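A.B. asks: Per this note's numbering, the sequence shown starts with residue 19, numbered consecutively. For each residue, glycine too, the CB sits at the ideal point set by N, CA and C. Computed from a predicted model, the values in this text were never measured in an experiment.
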Amino acid sequence: ELNLVAQDLTAYGHDLPGRPKLHQLLRALCRDTDARWIRLHYAYPRVFPDELIEVMATESKIARYLDMPVQHASDKLLLRMRRGRDSRFLRDLLAKLRARVPGLTLRTSVIAGLPGETDEDFKLLKDFVIEQRFERLGCFPYSDEEGTGAFEMDGKLPESVITRRWREIMAIQQRISREMNRRLVGQRLEVLVEGASEETEHLLTGRHQGQAPEIDGQVYLNDGFAYPGEMVNVEITEAHEYDLVGHIVR
């Protein structure tokens, strides 16, 4: 597995001679490496050309997984954060990705309680999360960080309001995640075995293609044996909010 991580992955190549593009890098990695899964993290939607979507749809080594932070759904706040794109663009891009990359797992991150976030802005965010049904979502409560643009913004919200809004988003996403995991019960998934569980040596843990290391859930294997690094077929028998349970199919 190869995880590509950058502060802004889709900006790859802007500072290099000849200004190569991310989709060109991915074609080369698919051709010249033995990685089974190549996973994309922090691919901001400011620049997302059709060529990149085409690579994701056609190269078997590109994991059907995309970590694309959208931050918010209020155009006013997106403009304030200088995201460069509005909510209509985000919706259109997400729809295009879903249509052209079947089985895609989308991870995103949003911020609750940004300075100037009104009740109406927050409702736009909640409605967006419910509408899009991201397979993975992290919500971060706003906090002041010196040196950032938001630190100088007016309209700071009370910590209690920020915390309440953060909890609301996470509760919504928890229900979505549970529903999606339940749909996997009875299915067989290819799982990358990582080793013994930290909780008990009697369970193995692994991840399927829709689970990134450290930030997503895991698959707990309660029957069967495999070594770390092996790919095995697993039948899913239980589903929880973020984790799955299954047995190795012999």
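#1: Counting only the same chain and skipping the five closest in sequence on each side, list residues whose C-beta sits under 7 Å from that of L111.
#2: How should Q150 be labelled, buried or exposed, when 16 other C-beta atoms within 10 angstroms of its C-beta is the threshold for buried?
#3: Are the beta-carbon atoms belonging to E253 and G264 less than 8 Å from one another?
#4: Per DSSP, Q227 is paired with what?
#5: Just the C-alpha distance for D68 and H41, rounded to the nearest angstrom, thanks.
#6: Pick out the complete beta strand (DSSP E) segments inside the segment 220–268, 3 residues or longer, and give them in chain order.
#7: State buried or exposed for F13, treating a residue as buried only when at least 16 other CB atoms are found within 10 Å of its CB.
#8: R103 to E77, Cα distance in whole Å?
#9: Do V73 and R45 count as a contact pair if the criterion is CB distance below 8 Å?
#10: So, with DSSP's three-state summary, where would you put E170?
#11: Enumerate, from N- to C-terminal direction, the unbroken beta strand (DSSP E) stretches of 3 or more residues contained entirely within the segment 143–196.
#12: Measure the C-alpha to C-alpha separation of Y260 and M86 and round it to an integer number of angstroms.
#13: Decide yes or no for the touch test of the segment 109–124 against the segment 189–196: beta carbon pairs closer than 8 Å, at least 3 of them.
#14: So, at 7 Å on beta carbons, what are the nonlocal neighbours of Q25 in its own chain, with the 5 sequence-adjacent residues on each side left out?
#15: Need the endpoints of the beta strand (DSSP E) that V23 sits in, please.
#16: Can you tell which of S105, V128 and I266 has the C-alpha that lies nearest to the C-alpha of L210?
#17: With DSSP collapsed to three states, give me the class of E77.
#18: Here's a check: name, in chain order, each residue in its chain whose Cβ is nearer than 6 Å to the Cβ of A91, leaving out the five neighbours to either side.
#19: Considering Cα atoms alone, identify which of E208, H32, A53 and D172 is closest to L20.
#20: Can you tell me which of the three DSSP states A11 falls into?
#21: Answer with buried or exposed for R100, where buried requires no fewer than 16 other C-beta atoms within 10 angstroms of its C-beta.
#22: What does a CB cutoff of less than 7 Å around K94 pick up in its chain, not counting 5 residues either side in sequence?
#23: For the candidate residues L222, E135, P133 and V88, whose alpha-carbon lies nearest to that of Y245?
#24: Opposite G213 in the DSSP bridges: which residues?
#25: First and last residue of the alpha helix (DSSP H) that includes H284?
#26: Could you tell me how far apart the beta carbons of I71 and L115 are, in whole angstroms, since I believe they sit closer than 8 Å?
C.D. replies: Judging by the given coordinates:
#1: In the sequence shown, residue 111 corresponds to position 93, counting from 1. Taken in chain order, the residues that qualify are P63 and F66.
#2: Looking up residue 150 in the sequence shown gives position 132. The residue is buried, with at least 16 neighbouring Cβ atoms inside 10 Å.
#3: Mapped onto the sequence shown, residue 253 falls at position 235. Mapped onto the sequence shown, residue 264 falls at position 246. Yes. Within cutoff.
#4: The sequence position of residue 227 within the sequence shown is 209, counting from 1. Answer is none; Q227 lacks a bridge partner.
#5: Your numbering for residue 68 matches position 50 in the sequence shown. Your numbering for residue 41 matches position 23 in the sequence shown. Cα to Cα, the separation comes out at about 9 Å.
#6: 222–226, 237–239, 249–257 and 262–266
#7: Past the boundaries of the shown model lies residue 13; the chain is included only from 19 to 268, so the question cannot be answered.
#8: For the purposes of this step, residue 103 is taken as the residue at position 85 of the sequence shown. For the purposes of this step, residue 77 is taken as the residue at position 59 of the sequence shown. Going from the Cα of R103 to the Cα of E77 covers about 28 Å.
#9: Position 27 of the sequence shown, counted from the first residue, corresponds to residue 45. Position 55 of the sequence shown, counted from the first residue, corresponds to residue 73. Cβ distance < 8 Å, so R45 and V73 count as in contact.
#10: Within the sequence shown, residue 170 is the residue found at index 152, counting from 1. DSSP places E170 in helix when its eight states are reduced to three.
#11: 154–159
#12: Here residue 260 is taken as the residue at index 242 of the sequence shown, counted from 1. Here residue 86 is taken as the residue at index 68 of the sequence shown, counted from 1. Rounded to whole angstroms, Y260 to M86 spans 19 Å at the Cα level.
#13: no
#14: Stepping through the sequence shown from its first residue, residue 25 is reached at position 7. If we look at Q25 and ignore the five residues flanking it on each side, its Cβ neighbours are Y60.
#15: The residue labelled residue 23 in the question sits at position 5 within the sequence shown. Unbroken beta strand (DSSP E) run through V23: L20 to V23.
#16: Looking up residue 210 in the sequence shown gives position 192. The candidate whose alpha carbon is nearest that of L210 is I266.
#17: Taking the first residue of the sequence shown as 1, we reach residue 77 at position 59. Coil at E77, not helix or strand.
#18: Your numbering for residue 91 matches position 73 in the sequence shown. The answer, listed in chain order, is S105, L142, L143 and F146.
#19: To locate residue 20, count along the sequence shown from 1; it is residue 2. The candidate whose alpha carbon is nearest that of L20 is A53.
#20: The first residue shown for the chain is 19 and the last is 268, placing residue 11 beyond what the model contains.
#21: Indexing the sequence shown from 1 puts residue 100 at position 82. Answer is exposed; the Cβ neighbour count stays below 16.
#22: As a working note, residue 94 is residue 76 in the sequence shown. The residues are D139.
#23: Against the sequence shown, residue 245 aligns to sequence position 227. It is L222.
#24: Stepping through the sequence shown from its first residue, residue 213 is reached at position 195. BP columns for G213 point to T223.
#25: The chain is shown only over 19 to 268; residue 284 falls outside these bounds and no answer can be derived.
#26: As a position in the sequence shown, residue 71 is number 53, starting the count at 1. As a position in the sequence shown, residue 115 is number 97, starting the count at 1. Sure, about 6 Å apart at Cβ, within 8 Å.
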